[in-house]
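**Q** Just so you know, the sequence shown maps onto residues -18 to -1, 1 to 270 in mature numbering (1 follows the signal peptide of the UniProt record, and there is no 0).
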Amino acid sequence: MTHNIFLILTVFIYLSNSEHSIPYSDQLARHKLIYAAIASYATVPQNCMDRAFNDSQVKRQITVPCDTIDPNDTCSGFTGVSHEDKAVLVVFRGTTSDEQLVVEGVETVFANHKPWISGGFVSEYFGDAFLKLWSAGIKDDFNSLLSKYPGYQVWVTGHSLGGAIASLAASYIEFNKLVPTENLLLVTFGQPRTGDLNYTQSVDSSVENAYRVTHSHDPVPHVPGKGHHGYYHHKSEVYYNEKMTGWNICEEDEGQQCSNANAVDLNFQDHLHYFNLDILTLGYSNCQ
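Right, dumping it as structure tokens:
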């Protein structure tokens, strides 16, 4: 009895001290948001959305050139709505060459910084990618959905480099007060480090429902190395074991009880598989 009372008090204290108005939900990440992230790789994202959402509509998929040198380097994202969940979704795709990025392209993507609206500096590549997508149609579609469904939450998500763009999108949306912060949810999968300490602190202090889901030995959350070119992670990290059957939440930035403990023991397959789903295979096949 004493043990049970202590456990209840511990849980109560944790919840009372939590800064999250939307607690992390394994069920939401595992059964819905991961499929939204997978949908961003599809040419018909609605097919993937239909695998997880009972009443959803993709409004429009936007694809733009990301690199002025390589026309084949594109960034993509889409907006949509889930009426069952009363949520507007903003989803961003990772690149199609993540492994090459890890091995060869770190300096190209991370060396150049740009100041960010919410504070600090971020990767110029990521910042430009978000702003291009935003101005190419994501902004108009997002505002249209918000106007039509003003009471809905806003869920922002993405896998890999799409997770970095999603992080920027959430900070941009919060900074411009486009939705109440308590209605904004950011969940990324395998997100690389996106900005400097000032940027991470701005996310920590403003995007109260931010969760970086990481999978065991996924190498991309370690790119670039901690502190390299000034990059660090923002909280909160949700670290899953190899089979993704259990998880630990690190509320501090760069928590050593989460993926940083595996920084020298990496496996790229963990990046391509979240919740036992082959992200690229499903996305490229339109979840057929």
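C-beta atoms are modelled at their ideal positions from N, C-alpha and C, and glycine is treated no differently.
If you're wondering where the values come from, they're calculated on a predicted model, not measured in any experiment.
What first and last residue would you give for the beta strand (DSSP E) that runs through PRO47?
**A** Stepping through the sequence shown from its first residue, residue 47 is reached at position 65. Its beta strand (DSSP E) spans residues 38 to 47.
**Q** Please go through the region 169 to 198 and give each complete alpha helix (DSSP H) segment of 4 or more residues, from N-terminal end onward.
**A** Taking only runs of at least 4 residues, the alpha helix (DSSP H) segments lying wholly in the region 169 to 198 are 179 to 188.
**Q** Going by C-alpha distance, which of ASP37, ASP49, LEU179, ALA111 is nearest VAL70?
**A** The sequence position of residue 70 within the sequence shown is 88, counting from 1. Among ASP37, ASP49, LEU179, ALA111, the Cα nearest to that of VAL70 is on ASP37.
**Q** Taking 7 angstroms as the cut-off, is the C-beta of ASN223 nearer than that to any heavy atom in the ligand NAP?
**A** The ligand content of the structure shown is nil, which means the ligand NAP is not present either.
**Q** Going by CA-CA distance only, name the one from PHE171, VAL91, GLU164, THR163 that's closest to PRO206.
**A** Counting from 1 along the sequence shown, the entry for residue 206 is found at position 224. Closest option to PRO206, Cα to Cα, is VAL91.
**Q** Which one of PHE112, ALA118, LEU127 has the shortest CA to CA distance from HIS65?
**A** Your numbering for residue 65 matches position 83 in the sequence shown. Closest by alpha carbon: LEU127.
**Q** For TYR222, tell me which candidate among CYS269, ASN242, THR182 has the shortest Cα-Cα distance.
**A** One-based indexing of the sequence shown puts residue 222 at position 240. If we check each option's Cα against that of TYR222, ASN242 comes out closest.
**Q** Determine the direct distance from the alpha carbon of THR263 to that of PRO203, and round the result to whole angstroms.
**A** Within the sequence shown, residue 203 is the residue found at index 221, counting from 1. Within the sequence shown, residue 263 is the residue found at index 281, counting from 1. Answer to the nearest angstrom: the Cα atoms are 21 angstroms apart.
**Q** From this set, VAL138, ASN165, ALA146, which residue's C-alpha is nearest PRO132's C-alpha?
**A** By one-based count along the sequence shown, residue 132 stands at place 150. Considering only alpha carbons, the answer is ASN165.
**Q** Taking Cβ to Cβ, would you say THR61 is nearer than 8 angstroms to ILE99?
**A** Taking the first residue of the sequence shown as 1, we reach residue 61 at position 79. Taking the first residue of the sequence shown as 1, we reach residue 99 at position 117. No.
**Q** If you drop the 5 nearest sequence neighbours on each side, which residues of the same chain put their C-beta closer than 7 angstroms to that of PRO254?
**A** Residue mapping note: residue 254 aligns to position 272 of the sequence shown, counting from 1. This sequence places Leu at residue 254; Pro is not what is there. ASP260, ILE261, LEU262.
**Q** Buried or exposed: which applies to ASN191, given that a residue is buried once 16 or more other Cβ atoms fall within 10 Å of its Cβ?
**A** Locating residue 191 in the sequence shown gives position 209, where the first residue counts as 1. It is buried - the Cβ of ASN191 has at least 16 other Cβ atoms within 10 Å.
**Q** With DSSP run on the structure shown, which of helix, strand or coil describes LEU262?
**A** Against the sequence shown, residue 262 aligns to sequence position 280. It is helical.
**Q** Rounded to the nearest angstrom, what separates ASP252 and ALA19 at their Cα positions?
**A** Indexing the sequence shown from 1 puts residue 252 at position 270. Indexing the sequence shown from 1 puts residue 19 at position 37. Cα-Cα distance, rounded: 16 angstroms.
**Q** Which residues bound the alpha helix (DSSP H) around PHE124?
**A** To locate residue 124, count along the sequence shown from 1; it is residue 142. Counting along the chain, the alpha helix (DSSP H) containing PHE124 begins and ends at 121 to 130.
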